[in-house]
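Visitor: In the numbering used here, the protein residues as written are 55 to 630.
Okay, handing you the structure first.
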Amino acid sequence: MPRFQELESGQPLVAKRYNILQSLGRGSFGSVYLVLDTRATDGEQLKVLKQIPLGDLQPDETVRATQEAQLLSQLHHPAILTFYHSFLEGDAFCIITEYCQDRDLDCKLEEVRRAGRSLPEIQVIDWLIQLLLALHYMHDRRILHRDLKAKNVFLKRNLVKIGDFGVSCLLMGSCDLATTFTGTPYYMSPEVLNHQGYDSKSDIWALGCLLYEMCCLTHAFQGPSFLSVVMKIVEGETPTLPAAFSADLNSVMQRMLQKQPSSRPSAAEILKTKFMEEHMQNLKDRFVFESSGAEKDAEFIANKMQSKVHLQTLREWSELEKMTPRERMRLRKLQAADEKAGRLRKLAEEKYEEIHTRRRELRRRHFETLSLDVLNESREDDTCRSQPISSQDLQSVAGSQVESKPQLHDIPEDPQAAEVYYNQDGFDSWSEDEETETPAETLYLSDPQVSELEAMMKHMQEVLEEDLSDESGDPAKPEAPQSPQGPPMINSSLLETRIQNLRESVCRRLGSEVFQRLYENLKAVRQRRGAEDGAAGEAVNQAEDEHGVGLQVDQLLFYEEELQKMRQLQEDRAPE
Ligand SMILES: Nc1ncnc2c1ncn2[C@@H]1O[C@H](COP(=O)(O)OP(=O)(O)OP(=O)(O)O)[C@@H](O)[C@H]1O
55 MPRFQELESG QPLVAKRYNI LQSLGRGSFG SVYLVLDTRA TDGEQLKVLK QIPLGDLQPD
115 ETVRATQEAQ LLSQLHHPAI LTFYHSFLEG DAFCIITEYC QDRDLDCKLE EVRRAGRSLP
175 EIQVIDWLIQ LLLALHYMHD RRILHRDLKA KNVFLKRNLV KIGDFGVSCL LMGSCDLATT
235 FTGTPYYMSP EVLNHQGYDS KSDIWALGCL LYEMCCLTHA FQGPSFLSVV MKIVEGETPT
295 LPAAFSADLN SVMQRMLQKQ PSSRPSAAEI LKTKFMEEHM QNLKDRFVFE SSGAEKDAEF
355 IANKMQSKVH LQTLREWSEL EKMTPRERMR LRKLQAADEK AGRLRKLAEE KYEEIHTRRR
415 ELRRRHFETL SLDVLNESRE DDTCRSQPIS SQDLQSVAGS QVESKPQLHD IPEDPQAAEV
475 YYNQDGFDSW SEDEETETPA ETLYLSDPQV SELEAMMKHM QEVLEEDLSD ESGDPAKPEA
535 PQSPQGPPMI NSSLLETRIQ NLRESVCRRL GSEVFQRLYE NLKAVRQRRG AEDGAAGEAV
595 NQAEDEHGVG LQVDQLLFYE EELQKMRQLQ EDRAPE
């Protein structure tokens, strides 16, 4: 199989349809590429290809991973990264997912941190609602995420999408194992660290950590060593949000970070609190506003109104001039356009009034800051724009699907050229009949974008109408997810690969000599188990741990110890 890195345009397509455009990066499981789907029929040509080397995966495990991947492709939620399909190509397992051009939440938070800013509370809540809706949808279907973290939340036109749902399970061969051994410890719950199993409440814990991170731009539980992070999670105090955030939001986060899983609310219970319901209603209104194209209507109307002013100027000019027959003909045409502009103006005034009434209503619902354009900071003054989705972004993303309209300043002064402009501008094609319908110019969002908003609104409406007290009695509802039963299926060869990858990555960053010293040092600290945290922290500091390398080495040692324990368990269970 050709290495994907070598594939460029003109090279063979992957799976006979995907053209690799660029590399997006490397994660702990494999490489990620932006691809062009040459057979896309859904308007989403850009997709993501995740290529995971199979290593020593056994054939039956490969089949199971493919089956599970197919299951994931049947999940449809606007806040869950769409999983299109998976296939085997040479020595790699490939997954095709939706592409999120605004990258992941980890990058976004880093950007905000570097700029010395913070996220406004309303933005945090907008994202929290979407993430809770996604978890609610998955938990209802007895599916757990198990690896929720900022890096697995993607941003697309300011909507959030949880990615890598179940992917770690597909790859580790066991969800229990996946939970313990995927990436970072920062989101691990006390029950996972105490080996008490993972359930839906552990996903809630991880989301609580993420909520803290969105507000404070640092991890909820931090420490200089892996062990110190673990100790804070298991025994430390529940963190509090800074005073800049509301007491209601702080209380939501603290409930999500209860040490006892049973004391944590479910996603639906959080969404059903008065505080969250109000925000959901508010978000729903803004989505209605966006998807109806009302924002673009305003721009359209403004352009048309100014065109009318321009027509008057031209008419006055022509009266002053001695007109040739050709110019008179032109004037007649302009007058006809002028009359149409008059009718249009009337329509425009009505539309304007409608939009302003709606805006006033939105503001009334404690929504002062319509323009929290986190993704597009440059448009700070544009307070009329509703924040979650900017139609300018959508237009640029939709690219060829959306025709750009001529701007007012493009109107030529020369009457002949102006005539061409008016013809292009659609005056002549605007029939009386059409005036009563929605003009084509209001269709600014592409179908997938509108349906995404509509789907999100539908999910919010469902939660708003849901009666939680009915939950237990409804036989049609799937049961809440349970902790996995029975002994975990251990795929030690994949785990070894994971450990090996981690080791190589740290070695590359530190150099093998420094790595070895740090490794031995931390190992000695870990072996004196009861040794206080400070000792491990000190050892880590010796490696100038600004990028968390020491923490990774500490984590590597933890993995190795756990692997040993699991091997021992396997041996004990093996038949004589
Ligand atoms: N669907 C996607 N849309 C846009 N960018 C993506 C998408 N999936 C992954 N990426 C980007 O590709 C890079 C690698 O992603 P990947 O998920 O493999 O690893 P990771 O999240 O960085 O680490 P880990 O494997 O430990 O979770 C990241 O920069 C991520 O933002």
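Note that beta-carbon positions come from the ideal geometry of N, C-alpha and C, so glycine has one too.
Are residue 206 and residue 194 touching if we call contact CB-CB under 7 Å?
Guide: If you number the sequence shown from 1, residue 206 lands on position 152. If you number the sequence shown from 1, residue 194 lands on position 140. Cβ distance not < 7 Å, so residue 206 and residue 194 don't count as in contact.
Visitor: What separation, rounded to the nearest whole angstrom, lies between the Cα atoms of residue 254 and residue 320?
Guide: As a first step, residue 254 must be located in the sequence shown, where it is residue number 200. As a first step, residue 320 must be located in the sequence shown, where it is residue number 266. Spanning the two alpha carbons is a distance of roughly 8 Å.
Visitor: Once DSSP output is grouped into helix, strand and coil, what is the label at residue 320?
Guide: Position 266 of the sequence shown holds residue 320. Reduced to three states, the DSSP call for residue 320 is coil.
Visitor: Specify, as a first and last residue, the run of the alpha helix (DSSP H) that residue 621 falls within.
Guide: Indexing the sequence shown from 1 puts residue 621 at position 567. It spans 603-627 - the alpha helix (DSSP H) in which residue 621 sits, taken as one unbroken run.
Visitor: Quick one: does residue 162 have its CB under 7 Å from some CB of chain B?
Guide: The chain inventory of the structure shown lacks chain B, comprising one protein chain alone.
Visitor: Taking contact to mean 3 or more Cβ pairs, one atom from each stretch, closer than 8 Å, check whether the segment 259-279 and the segment 304-315 are in contact.
Guide: Yes: the two stretches touch, three or more of their Cβ pairs being nearer than 8 Å.
Visitor: Assuming the contact rule is C-beta atoms closer than 8 Å, residue 146 and residue 105 should be a hit. Round their C-beta distance to whole Å, please.
Guide: On the sequence shown, position 92 is the one that residue 146 refers to. On the sequence shown, position 51 is the one that residue 105 refers to. 5 Å between Cβ atoms; contact.
Visitor: I'd like the span of the beta strand (DSSP E) that includes residue 150, first residue to last.
Guide: As a first step, residue 150 must be located in the sequence shown, where it is residue number 96. Segment 146-152, the beta strand (DSSP E) holding residue 150.
Visitor: Are the segment 71-83 and the segment 160-173 in contact at 8 Å, needing three or more beta carbon pairs?
Guide: The segment 71-83 vs the segment 160-173: no contact.
Visitor: Per the contact definition of three or more C-beta pairs closer than 8 Å, is the segment 601-614 in contact with the segment 278-291?
Guide: Yes, they touch.
Visitor: Which whole-angstrom value describes the C-beta separation of residue 75 and residue 341, a residue pair presumed to lie in contact below a C-beta threshold of 8 Å?
Guide: Reading the sequence shown from its first residue, position 21 is the one you call residue 75. Reading the sequence shown from its first residue, position 287 is the one you call residue 341. Not confirmed; about 31 Å, so no contact.
Visitor: Does the distance between the C-beta of residue 158 and the nearest non-hydrogen atom of ligand 1 fall short of 6 Å?
Guide: On the sequence shown, position 104 is the one that residue 158 refers to. Correct: residue 158 has its Cβ closer than 6 Å to ligand 1.
Visitor: Is any non-hydrogen atom of ligand 1 found closer than 6 Å to the C-beta of residue 607, if you look at the structure I gave you?
Guide: On the sequence shown, residue 607 is found 553 positions in, with the first residue counted as 1. Because no heavy atom of ligand 1 lies under 6 Å away, the Cβ of residue 607 does not count as near it: no.
Visitor: Who does residue 91 pair with in a DSSP beta bridge?
Guide: Here residue 91 refers to the residue found at position 37 of the sequence shown. BP columns for residue 91 point to 72.
Visitor: Mind checking whether the beta-carbon of residue 263 lies closer than 6 Å to any heavy atom of ligand 1?
Guide: Here residue 263 refers to the residue found at position 209 of the sequence shown. Because no heavy atom of ligand 1 lies under 6 Å away, the Cβ of residue 263 does not count as near it: no.
Visitor: Pair every Cβ in the segment 150-157 with every Cβ in the segment 299-306, then say whether three or more of these pairs are closer than 8 Å.
Guide: Output reads no: the segment 299-306 does not touch the segment 150-157.
Visitor: Rounded to whole angstroms, what's the CA-CA distance from residue 227 to residue 290? Just pull it up for me.
Guide: Reading the sequence shown from its first residue, position 173 is the one you call residue 227. Reading the sequence shown from its first residue, position 236 is the one you call residue 290. Legend: pLDDT at residue 227 = 46, less than 50; position of this residue unreliable, value from coordinates given subsequently. Distance between the alpha carbons of residue 227 and residue 290: 32 Å.
Visitor: Which residues bound the alpha helix (DSSP H) around residue 34?
Guide: Limits of the chain in this structure are 55 at one end and 630 at the other, which puts residue 34 out of reach.
Visitor: If I measure Cβ to Cβ from residue 135 and keep anything under 8 Å in the same chain, skipping five residues before and after, which residues do I get?
Guide: Residue mapping note: residue 135 aligns to position 81 of the sequence shown, counting from 1. Result list for residue 135: 151, 152, 154, 208, 215, 216, 217, 218 and 219, in chain order.
Visitor: Since I believe residue 569 is in contact with residue 579 (beta carbons under 8 Å), could you give me their beta-carbon distance rounded to a whole number of angstroms?
Guide: Residue mapping note: residue 579 aligns to position 525 of the sequence shown, counting from 1. Residue mapping note: residue 569 aligns to position 515 of the sequence shown, counting from 1. At roughly 16 Å, the Cβ-Cβ gap does not stay under 8 Å, so residue 579 and residue 569 are not in contact.
Visitor: Using a Cβ-Cβ cut-off of 6 Å (strictly less than) and excluding sequence neighbours within five positions of residue 573, which residues of its own chain qualify?
Guide: Against the sequence shown, residue 573 aligns to sequence position 519. Counting only Cβ-Cβ distances below 6 Å, and skipping sequence neighbours, we find 607.
Visitor: Less than 8 Å between the CB atoms is what I'm expecting for residue 288 and residue 248, so what's the real figure, rounded?
Guide: On the sequence shown, residue 288 is found 234 positions in, with the first residue counted as 1. On the sequence shown, residue 248 is found 194 positions in, with the first residue counted as 1. The pair is a contact, with the Cβ atoms about 7 Å apart (cut-off 8 Å).
Visitor: Can you tell me whether residue 211 is helix, strand or coil according to DSSP?
Guide: Translated into the one-based positions of the sequence shown, residue 211 becomes position 157. Looking at residue 211 - three-state DSSP - the assignment turns out to be coil, as it is neither helix nor strand.
Visitor: Should residue 290 be listed as close to ligand 1, given that the test is whether its C-beta is under 6 Å from any heavy atom?
Guide: Here residue 290 is taken as the residue at index 236 of the sequence shown, counted from 1. No; taking the cut-off as 6 Å, the Cβ of residue 290 has no heavy atom of ligand 1 nearer than that.
Visitor: I need the straight-line Cα distance from residue 78 to residue 158, nearest angstrom please.
Guide: Along the sequence shown, read from residue 1 onward, the residue named residue 78 stands at position 24. Along the sequence shown, read from residue 1 onward, the residue named residue 158 stands at position 104. Approximately 11 Å, taken between the alpha carbons.
Visitor: Mind checking which residues open and close the alpha helix (DSSP H) that includes residue 303?
Guide: Taking the first residue of the sequence shown as 1, we reach residue 303 at position 249. Element bounds for residue 303: 301-310.
Visitor: By a C-beta neighbour count over all protein chains shown, 10 Å radius and 16 as the cutoff for buried, is residue 188 buried or exposed?
Guide: Looking up residue 188 in the sequence shown gives position 134. Buried, by the Cβ-count rule.
Visitor: If we call anything under 7 Å between Cβ atoms a contact, is residue 265 one with residue 182?
Guide: Along the sequence shown, one-based indexing puts residue 265 at 211. Along the sequence shown, one-based indexing puts residue 182 at 128. Result yes, Cβ atoms of residue 265 and residue 182 sit closer than 7 Å.
Visitor: For residue 139, which of helix, strand or coil comes out of DSSP?
Guide: Counting from 1 along the sequence shown, the entry for residue 139 is found at position 85. Residue state, collapsed to three classes: strand.
Visitor: Cβ of residue 612 versus every heavy atom of ligand 1: is any distance shorter than 6 Å?
Guide: Residue numbering aside, residue 612 sits at position 558 when the sequence shown is read from its first letter. Because no heavy atom of ligand 1 lies under 6 Å away, the Cβ of residue 612 does not count as near it: no.
Visitor: Would you kindly check if the distance between the Cβ of residue 273 and the Cβ of residue 179 is under 7 Å?
Guide: Taking the first residue of the sequence shown as 1, we reach residue 179 at position 125. Taking the first residue of the sequence shown as 1, we reach residue 273 at position 219. Going by C-beta atoms, residue 179 is not nearer than 7 Å to residue 273.
Visitor: Contact defined as beta carbons within less than 8 Å: I believe residue 522 pairs with residue 323. What is the distance between those atoms, to the nearest angstrom?
Guide: If you number the sequence shown from 1, residue 522 lands on position 468. If you number the sequence shown from 1, residue 323 lands on position 269. With 8 Å as the limit, residue 522 and residue 323 qualify as a contact, their Cβ atoms being about 7 Å apart.
Visitor: Ligand 1 and residue 81: does the residue's C-beta get closer than 6 Å to at least one heavy atom of that ligand?
Guide: Locating residue 81 in the sequence shown gives position 27, where the first residue counts as 1. Result yes, Cβ under 6 Å from ligand 1.
Visitor: For ligand 1, is there any heavy atom lying closer than 6 Å to the beta carbon of residue 208?
Guide: On the sequence shown, position 154 is the one that residue 208 refers to. Yes, ligand 1 has a heavy atom inside 6 Å of this Cβ.
Visitor: Would you kindly work out how many angstroms separate the C-alpha atoms of residue 71 and residue 510, rounded to a whole number?
Guide: By one-based count along the sequence shown, residue 71 stands at place 17. By one-based count along the sequence shown, residue 510 stands at place 456. Cα to Cα, residue 71 sits roughly 30 Å from residue 510.
Visitor: Can you give me the C-alpha to C-alpha distance between residue 558 and residue 329, rounded to a whole angstrom?
Guide: Within the sequence shown, the letter at position 504 stands for residue 558. Within the sequence shown, the letter at position 275 stands for residue 329. Roughly 47 Å between the two C-alpha positions.
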